[in-house]
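**Student:** These protein sequence lines are chains A and B, in that order.
So the first sequence is residues 1 to 286, counted in the numbering used here.
So the second sequence is residues 1001 to 1550, counted in the numbering used here.
Ideal Cβ positions, reconstructed from N, Cα and C, are used throughout, including at glycine.
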Amino acid sequence: MTTVKKLGTYAQNTWCPGCGNFGILASIKKALTDLEEDGLDLNKVAIASGIGCHAKIVDYINVNSFYSIHGRVPPPMTGIKLANPELTVIGFAGDGDAYGEGIEHLIFSAKRNLNLTFIVHNNRVYGLTTGQFTPTSPPGFKGRSTPKGSPEDPLNPIELMLASGATFVARAYTKNMKHLQSLIKAAVNHKGFSFIDVLQPCFTFFNTYDYYNERVYEFDEQDHDASDLNAAFVKAREWIYGEGDRIPIGIFYQVQKPTYEERLLAGRIPVQSTPKDIRPVLDKHL
Amino acid sequence: MKEISILIGGKAGDGIRQAGHVIARILNRIGYRIFFYDDYPSLIRGGHNFSIIRAAEKRILAHKDSVDIIIALNQETVENHKHRLNTDGAILYDSKKSDAQGIGLDFMDIVKKFDGKPIMRNTAAVGALAGILNFEWAVVKKVIMDAVEKDADLNLKIARNAYDRIETPLKSLPKLDQKSLPLVSGNEAIALGAVKAGLNMYIAYPMTPASAILHYLAAYENELGVVTVHPESEIGVALMALGAAYAGARAMVGTSGGGFALMTEALSLAGQGELPMVIVEAQRPGPSTGVPTYTMQGDLAFVIHGGHGEFLRVVLAPGDAEEAFYMAGLAMNLAWKFQIPTFVLSDKHLSESMFSFEADLDRVKPDNPLLWNNQGEYKRYLDTENGISPLAFPGNPSAVVKATSYEHDENGITTEDPEGIARMQRKRLRKRKALEVELENYETVKVYGNPDSKTILLCWGSTKGVCVEVAETLNLKVVQPLVLEPLPIGPLKKALSGADKILDVEVNASGQLAKLLSAHGLCIDDMILRFDARPFTVDGLLDKVKEVIQ
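In structure tokens:
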């Protein structure tokens, strides 16, 4: 069995001290070792990331990985999964990545319901480019590109994913690590597109620890019917990434639907297939 | 040479291309070699569509401006094209819709007689043509049965009625004692070549003139054993293909210039991550939306230089259906052998024209890439003598496979170390040498016509067919590089040596091949460029070349 320690690499961790990303890294490692105990073959896991502070996570985990480019995490994940549906594919993206540059891919991933897990490190600020507003920054956010305050209202990714057809929609907070680990495991075990928006404070450019510590609360199936789409929307609107006293974290929505790979591949595994003789097709051209 | 050219024209929605195909297939069945040109505007209904079917005893790769028969389903066809008619030619026209000197038949009257749909006027036209050229009814019947998917019986009745209404044939086109060949478009040949080289997945967003590759592979998915995917955008397309390649599937994507523009960030990632990828770029006139359903060779420089950073790529430019088949196979094999992006550079004229296809199918087969031997610790970017690192794929029980867009060490972990950066860049570019050696096994530059001629027509891609025919008429030499990157300098210099006059023939406004050659010290003497979005025709180019060489 792999230990959390063995899942690490020699890459030097370059996140700032206090970065919320550490919580996500520790949680995914713990979740992976737990999942391995439950029978997951870690050699059949492929992880992917975009560009930004979050993306370094693939260098820090000793499993197969595809370090993609900004905004483009879902497409290579989709290619990997369609080429070899036997792989478990987990993607990591920043909020600029997922909700800005690559939002089309995120929406389509949810719409298709491909069996993937997608974890957004949502710090609501561009960190690696040193502090600009993102699609989920609060209204009036003063960043280096918006010194007078952001002129945009934030996007609510939970609502967006519900509207786009995701079959597993959740939110977590990096300080609630046990909760985050359990959500990651539930997401990987869910057959379909699993989405977790992880509230992840950026200690350097947007320190939201106190803000979240005061407001975040966990909910579970006793408080909320996750199979009810309307209830999920209502829950999602409790906090719209701006004003609000209470921030719910947990599984907003989870249902079973046929997956994209089931519908598209119908049992075919491209990496194991060999093309057939072209002659019978050519004969139709006479 | 026994040959005939037939133009059929009408509105979009009249079934012009389909009728043209049926005519081409009939001529194919009686032993003729075919070139089929399709001309249509970017709309669904209305406008003016026409197809030219040229059939000859010998293999032909181009059409002519002049034609022997015009089939007019509307008056516009008569007016637009009557100047093309050869002196002994004839116009077959729908007498309810148009007026002309020639043979008029009320196509709609025939269709109505059998309660057919208005589009079946095209079948009446085919039947009448068969009568005019005295085709054996059995051949016509067989082709209609094979070609028409819906209401074949009804179409047969309509065709037969029109056939019978022609009392005296205009001429008898003799049946030739040659076997029929498959009629294949450039796009279909590309698809089949890729399949033959082991294509697992074709991923594309629709864009004229590449869309037919997607349609064709999607239609024959099961027969050919290929998975086709239509994603959200060309950005999604290119990155899905890279993900698929990382997982071990042979993937190809197809698009035109505008779609390729969106793929350039993924192209660069293929360069950095050493991910195999085949891109079909079927050019159409730009800049921007340009003229979407017409042809141009305007993206050569773009395809050679697209993408940020410095990395290796291969650009192959087939000029006919057989070359499209071979080049697609070669593009796939080179992509995997060298773990690089490779291109099949086509254009509307090659992609959508149809050819009598006679390729050696067994010449294309999947070459094995360099696979890891499962010994020791796997390093995705192992620094080797020729720069090629052994491949392993996720799921391998003893390898951790890390692909990345960042500069990286041998394991695929990010590095900013100056020595490490330079080492990896050298490793990747070192593959060029091995690639050039590999390409020596292939014909990279083709020569046609009179090898001793001091006048050379230089061309690439779809312009080849028309140049070869003009050169045969004027006893000139033709030089056609099939590989445009890395440019085969040695073979090109050899092919061009001893010439008094090198005439560059391209379908673009600036002579992009000439510019490329001049960067390598190879100078051309004159250029014949066409950039009105139409391809050269045999008679059109013949006049132009005569003007320049006299």
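Would B:Gly1102 pass as an interface residue toward chain A - the criterion being a Cβ-Cβ separation below 9 Å?
**Tutor:** For this step, residue 1102 of chain B is matched to residue 102 along the second sequence. No, B:Gly1102 does not count as interfacial toward chain A.
**Student:** Between which two residues does the beta strand (DSSP E) carrying A:Pro157 extend?
**Tutor:** Start at 1 with the first residue of the first sequence, and residue 157 of chain A comes out as number 157. From DSSP, A:Pro157 is part of no beta strand (DSSP E) but of the alpha helix (DSSP H) over Pro157 to Ser164.
**Student:** Starting from the beta carbon of B:Ser1462, find every residue of chain A whose beta carbon is closer than 8 Å, and list them in chain order.
**Tutor:** The residue labelled residue 1462 of chain B in the question sits at position 462 within the second sequence. By Cβ distance, chain A contributes nothing, its closest Cβ being about 20 Å from B:Ser1462, past 8 Å.
**Student:** Scan the stretch 1402 to 1419 of chain B for residues whose Cβ lies nearer than 7 Å to a Cβ of chain A and list them as they occur along the chain.
**Tutor:** Those would be Lys1402, Ala1403, Thr1404, Ser1405, Tyr1406, Ile1413 and Thr1414, in chain order.
**Student:** Entirely within the stretch 46 to 112 of chain A and at least 4 residues each: give me those alpha helix (DSSP H) ranges in chain order.
**Tutor:** Within the stretch 46 to 112 of chain A, the complete alpha helix (DSSP H) runs of at least 4 residues are 74 to 83 and 103 to 112.
**Student:** Is it a yes or a no for the stretch 1253 to 1271 of chain B touching the stretch 1207 to 1225 of chain B, going by three-plus beta-carbon pairs under 8 Å?
**Tutor:** Touching, yes, given that three or more Cβ pairs across the two stretches are closer than 8 Å.
**Student:** Expressed to the nearest angstrom, what Euclidean distance is found between the alpha-carbon atoms of B:Ile1044 and B:Thr1293?
**Tutor:** Start at 1 with the first residue of the second sequence, and residue 1044 of chain B comes out as number 44. Start at 1 with the first residue of the second sequence, and residue 1293 of chain B comes out as number 293. Answer to the nearest angstrom: the Cα atoms are 12 Å apart.
**Student:** Looking only at its own chain, which residues have a Cβ that is under 7 Å from the Cβ of A:Leu25, when we skip the five neighbours before and after it?
**Tutor:** What you label residue 25 of chain A is simply residue 25 of the first sequence in a count that begins at 1. Excluding sequence neighbours, A:Leu25 sits near Ile57 and Tyr60.
**Student:** Below 8 Å on the Cβ atoms is my guess for A:Glu218 versus A:His179; work out the distance and round it to an integer in Å.
**Tutor:** Here residue 218 of chain A refers to the residue found at position 218 of the first sequence. Here residue 179 of chain A refers to the residue found at position 179 of the first sequence. With a Cβ gap of about 6 Å, A:Glu218 and A:His179 count as contacting.
**Student:** Going by DSSP, which residues form a beta bridge with B:Trp1527?
**Tutor:** As a working mapping, residue 1527 of chain B is identified with position 527 in the second sequence. For the sequence presented, residue 1527 of chain B should be read as Met rather than Trp. DSSP lists B:Asp1504 as partners of B:Met1527.
**Student:** Which of the three DSSP states, helix, strand or coil, is assigned to A:Val255?
**Tutor:** Position 255 of the first sequence holds residue 255 of chain A. In the structure shown, A:Val255 sits in coil (DSSP, three-state: anything other than H, G, I, E or B).
**Student:** Does DSSP put B:Cys1467 in a helix, a strand or coil?
**Tutor:** For the purposes of this step, residue 1467 of chain B is identified with residue 467 of the second sequence, where counting begins at 1. Of the three classes helix, strand and coil, the one that applies to B:Cys1467 here is helix, per DSSP.
**Student:** How close, in whole Å, do the beta carbons of B:Phe1311 and B:Arg1428 come, if the pair is a contact with beta carbons under 8 Å?
**Tutor:** For this step, residue 1311 of chain B is matched to residue 311 along the second sequence. For this step, residue 1428 of chain B is matched to residue 428 along the second sequence. Going by Cβ atoms, the distance from B:Phe1311 to B:Arg1428 rounds to 6 Å, so yes, they are a contact pair.
**Student:** With a threshold of 7 Å on Cβ separation, who are the neighbours of B:Asn1374 within its own chain once the five nearest residues in sequence on each side are excluded?
**Tutor:** Residue mapping note: residue 1374 of chain B aligns to position 374 of the second sequence, counting from 1. Closer than 7 Å at the Cβ level, and outside the excluded window around B:Asn1374, lie Ser1398.
**Student:** Give the single residue among A:Ser273, A:Ile269, A:Lys111 and A:Lys276 whose Cα lies nearest to the Cα of A:Glu86.
**Tutor:** Taking the first residue of the first sequence as 1, we reach residue 86 of chain A at position 86. It is A:Ile269.
**Student:** Three or more beta-carbon pairs under 8 Å between the stretch 97 to 107 of chain A and the stretch 1219 to 1239 of chain B, yes or no?
**Tutor:** Yes, the stretch 97 to 107 of chain A is in contact with the stretch 1219 to 1239 of chain B.
**Student:** Can you tell me whether DSSP reads B:Gly1020 as helix, strand or coil?
**Tutor:** Counting from one through the second sequence, the residue named residue 1020 of chain B turns up at place 20. Correct three-state label for B:Gly1020: helix.
**Student:** How would you list, in chain order, the residues of chain B whose beta-carbon sits under 7 Å from the beta-carbon of A:Asp59?
**Tutor:** Mapped onto the first sequence, residue 59 of chain A falls at position 59. What A:Asp59 touches in chain B: Ile1413 and Thr1414.
**Student:** Starting from the beta carbon of A:Lys276, find every residue of chain B whose beta carbon is closer than 7 Å, and list them in chain order.
**Tutor:** Taking the first residue of the first sequence as 1, we reach residue 276 of chain A at position 276. Those within 7 Å of A:Lys276 in chain B are Glu1223, Leu1224 and Gly1225.
**Student:** Give a yes or no on whether the minimum CB-CB distance between B:Leu1487 and chain A is below 9 Å.
**Tutor:** Counting from one through the second sequence, the residue named residue 1487 of chain B turns up at place 487. Not one chain A Cβ lies under 9 Å of B:Leu1487.
**Student:** B:Thr1255 bridges to which residues according to DSSP?
**Tutor:** For this step, residue 1255 of chain B is matched to residue 255 along the second sequence. Partner(s): B:Glu1281.
**Student:** Look up B:Ile1030 in the DSSP assignment and say whether it is helix, strand or coil.
**Tutor:** The sequence position of residue 1030 of chain B within the second sequence is 30, counting from 1. Three-state result, B:Ile1030: coil.
**Student:** What does DSSP give as the partner residues of A:Ile249 in its beta bridges?
**Tutor:** Here residue 249 of chain A is taken as the residue at index 249 of the first sequence, counted from 1. Looking at the DSSP assignment, A:Ile249 forms a beta bridge with A:Glu218.
**Student:** Out of B:Pro1231, B:Leu1316 and B:Leu1370, which one is the CA nearest neighbour of B:Val1278?
**Tutor:** Your numbering for residue 1278 of chain B matches position 278 in the second sequence. For B:Val1278, the nearest C-alpha among the options comes from B:Leu1316.
**Student:** Closer than 9 Å, CB to CB, is B:Glu1232 near chain A or not?
**Tutor:** Sequence index remark: in the second sequence, residue 1232 of chain B carries index 232 (1-based). Chain A, which has a Cβ nearer than 9 Å to the Cβ of B:Glu1232, makes this yes.
**Student:** So A:Phe66 contacts chain B; which residues on that side make the cut at Cβ distance below 7 Å?
**Tutor:** Taking the first residue of the first sequence as 1, we reach residue 66 of chain A at position 66. Under the 7 Å cutoff, chain B gives Gly1243, Tyr1246 and Ala1403.
**Student:** Buried or exposed: which applies to A:Lys148, given that a residue is buried once 16 or more other Cβ atoms fall within 10 Å of its Cβ?
**Tutor:** By 1-based counting over the first sequence, the position of residue 148 of chain A is 148. A:Lys148 is exposed by the Cβ-count criterion.
**Student:** For a quick check, are the C-beta atoms of A:Ala110 and A:Phe195 less than 9 Å apart?
**Tutor:** As a working mapping, residue 110 of chain A is identified with position 110 in the first sequence. As a working mapping, residue 195 of chain A is identified with position 195 in the first sequence. Closer than 9 Å, so yes.
**Student:** Can you list, in chain order, the stretches of the alpha helix (DSSP H) that have 4 or more residues and sit fully within the stretch 1288 to 1353 of chain B?
**Tutor:** If we require 4 residues or more, the alpha helix (DSSP H) runs fully inside the stretch 1288 to 1353 of chain B come out as 1300 to 1305, 1321 to 1338 and 1348 to 1352.
**Student:** Looking at B:Ile1340: is its Cβ nearer than 9 Å to the Cβ of B:Ala1270?
**Tutor:** Your numbering for residue 1340 of chain B matches position 340 in the second sequence. Your numbering for residue 1270 of chain B matches position 270 in the second sequence. Going by C-beta atoms, B:Ile1340 is nearer than 9 Å to B:Ala1270.
**Student:** I'd like to know if B:Met1207 contacts chain A, where contact means its C-beta is closer than 9 Å to some C-beta of that chain.
**Tutor:** For the purposes of this step, residue 1207 of chain B is taken as residue 207 along the second sequence, with counting starting at 1. Not one chain A Cβ lies under 9 Å of B:Met1207.
**Student:** Along the beta strand (DSSP E) that carries A:Asp197, what are the first and last residues, could you check?
**Tutor:** Along the first sequence, read from residue 1 onward, the residue named residue 197 of chain A stands at position 197. First-last of the beta strand (DSSP E) with A:Asp197: Ser194 to Leu199.
**Student:** Which chain B residues sit within Cβ distance under 8 Å of A:Gly127?
**Tutor:** In the first sequence, residue 127 of chain A corresponds to position 127, counting from 1. Near A:Gly127 there are no residues of chain B at all, since even the closest Cβ is about 16 Å away, more than 8 Å.
**Student:** Candidates B:Ile1528, B:Pro1535 and B:Asp1532: which alpha carbon is nearest B:Lys1544's?
**Tutor:** Taking the second sequence and counting its residues from 1, the one referred to as residue 1544 of chain B is at position 544. Minimum Cα distance to B:Lys1544 is reached at B:Ile1528.
**Student:** Which ranges does the beta strand (DSSP E) cover as unbroken runs of at least 3 residues, wholly within the stretch 1380 to 1447 of chain B, from first to last along the chain?
**Tutor:** You should have 1402 to 1404.
**Student:** So, for A:Phe141: in the same chain, excluding its five sequence neighbours on each side, which residues have a beta-carbon less than 7 Å away from its beta-carbon?
**Tutor:** For the purposes of this step, residue 141 of chain A is identified with residue 141 of the first sequence, where counting begins at 1. Excluding residues within five positions, the ones whose Cβ falls inside 7 Å are Phe133, Gly149 and Ser150.
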